[in-house]
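Chains as they are written, first to last, in this note's numbering: chain A, 20 to 126; chain B, 8 to 341.
We put the CB at the ideal spot given by N, CA and C, even for glycine.
Please read these numbers as outputs of a predicted model, since none were measured by experiment.
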């Protein structure tokens, strides 16, 4: 179990217990904690509705693959610290990560 | 005005298969979709991805599933209104409905089926000062009539396929084309990217990389645009048009205003027949919710079959419905 801090859309931070051995990606973890993200495509790096910003710990993450980068390229609000949470699989290196939710469920 | 038995909002896989189930019961359908193409998410988000859990169609490519569904429903001659978003459902005195789109199209029907997936796909809007102020006055989220840009100054923004493709296309039409992109590479479409760099090299377009449009200016109509580089320096250039192309994102949109029971952006239905809290309005596929709901195409297919049996009584109030297998009765085209 590792810890990841999540900042929601109104700036509140929560410290989450995140299992690294259950085969979940970070998007699935966020959904399991009932954060209001759509994750439309279900984890194919295609829809960008699980877009997050890495506030602390970016240097410890694996690099984005081409499909993640291509999707991030299409976003109006992505920057150097943007990632798609569906492409990140929690492991020991992510202990202490701090992220902010960027995409959320728009009505 | 279009007249039909059943108006289906959403032309994704579930909306399409609903036409088949309606057709077996001799009910005609008209479909409306906000996207300009048929197929919903399968067309917009993952056309080339294989889907492994469609019964009897192992590993089918998403766009092939849509093609097959169109073949399957062809005999029931569905009507389509594409590129228009349903704005209002008006109940008439006899219980029937008049469905109205944002473009003024009207569909009169006995039953409304909401098969809208995650809602309608709307353009993603960048955070640019005064963007909405200039919508329709120089700001466009899609290119509908390229000719309107002839001999005009156009600024596009974005790094995906559509930004690249329209930059290339408009280079021959507009008097000046500028593409603004946050990064310095285009990863999605290497061929188009090469062409854009080539046009920029020849001076046919202006390519402004590592920059973002920050604000718009003009008196009533768009006149100028400010572009901020990643190093925070700002330049302002004159333009007639700004076309931000950052893809589409689904929104529940007007569905939220129709007095339907909604929970977490999904329409609550009764699993006996997938009816909503309003008579003659049903919801099937990803847009609905109920205990145990799974957002799977195959579940949407099942919901469509059950739902059409229930809708029959509104289309043929004087007839008794008898259930028949296609193996016994075949498919009787209209």
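Between residue 289(B) and residue 39(B), the C-beta spacing is not below 9 Å. Under the three-pair Cβ rule at 8 Å, the region 164-178 of chain B counts as touching the region 250-261 of chain B.
Along the region 110-179 of chain B, the beta strand (DSSP E) occurs as fully enclosed runs of 3 or more residues at 113-116, 118-121, 127-130, 160-164, listed in sequence order. The C-beta distance from residue 14(B) to residue 114(B) rounds to 5 Å, short enough to fall under 8 Å.
For residue 66(A), the C-beta contacts it makes with chain B under 8 Å involve 52, 256, in order along the chain. Of all residues in the region 37-57 of chain A, only 55, 57 come within less than 9 Å of chain B when Cβ atoms are compared, listed by chain position. Shown here for residue 24(A): same chain residues with a beta carbon closer than 6 Å to its own, the five before and five after excluded, namely 32, 34, 117 in chain order. If the five residues before and after residue 100(A) are omitted, its C-beta is found closer than 6 Å to the C-beta atoms of 72, 73, 77, all from its own chain and listed in chain order. Annotated as distal: residue 129(B) and residue 109(B), with beta-carbon spacing of 9 Å or more. Neighbours of residue 96(A) across chain B, judged by C-beta separation under 8 Å: 133, 134. Proximity to residue 102(A) across 64(A), 42(A), 21(A), 52(A) peaks at 64(A), based on C-alpha coordinates. Non-local C-beta neighbours of residue 41(A) in its own chain, meaning closer than 7 Å and more than five positions away in sequence, are absent. Around the C-beta of residue 12(B), 16 or more other C-beta atoms lie within 10 Å, and the residue is accordingly described as buried. Of 29(B), 183(B), 57(B), the smallest CA-CA separation from residue 81(B) is found for 29(B). One thing to note: residue 335(B) has its Cβ no nearer than 9 Å to the Cβ of residue 34(B).
Taking C-beta separations shorter than 6 Å and ignoring five residues to either side along the sequence, the partners of residue 112(A) in its chain run 79, following chain order. Beta bridge pairing from DSSP links residue 61(B) with no other residue. The DSSP-derived three-state label of residue 104(A) is helix. Annotated three-state conformation of residue 79(A) is helix, per DSSP. By the C-beta density criterion, residue 258(B) is buried, having at least 16 other C-beta atoms within 10 angstroms.
Between the region 51-68 of chain A and the region 94-113 of chain B there are fewer than three inter-stretch CB-CB distances shorter than 8 Å, so the stretches are not counted as touching. When secondary structure is reduced to three states using DSSP, residue 25(B) falls in the helix class. Each residue's CA atom was taken as its position, placing residue 105(A) and residue 59(A) some 11 Å apart. Taken in chain order, the complete beta strand (DSSP E) segments of 3 or more residues contained in the region 43-113 of chain B are 86-89, 93-98, 104-108. Exposed is the label assigned to residue 82(A), since fewer than 16 other Cβ atoms lie within 10 Å of its Cβ. When secondary structure is reduced to three states using DSSP, residue 320(B) falls in the helix class. Across the set 57(B), 45(B), 277(B), the C-alpha of 45(B) shows the shortest separation from the C-alpha of residue 73(B).
Following the DSSP letters along the chain, one finds residue 251(B) inside the beta strand (DSSP E) bounded by residues 248-251. Between residue 307(B) and residue 24(B), the CB-CB gap stays under 9 Å.
Distance from the Cα of residue 97(B) is smallest, within the candidate group 324(B), 287(B), 299(B), for 287(B). Residue 125(B) reaches chain A at 57, 59, counting residues in chain order whose Cβ is nearer than 8 Å. Under the 10 Å beta carbon count, residue 57(B) is surrounded by fewer than 16 other beta carbons and is classified as exposed. Against residue 194(B), the close residues of chain A are 85, 88, 89, 92, in the order they occur along the chain (beta-carbon pairs closer than 7 Å). Rounded to the nearest angstrom, the Cβ distance from residue 171(B) to residue 199(B) is 4 Å, consistent with a contact under 8 Å.
When rounded, the separation of the alpha-carbon atoms in residue 217(B) and residue 270(B) is 41 Å.
Per DSSP, reduced to three states, the secondary structure at residue 91(A) is helical.
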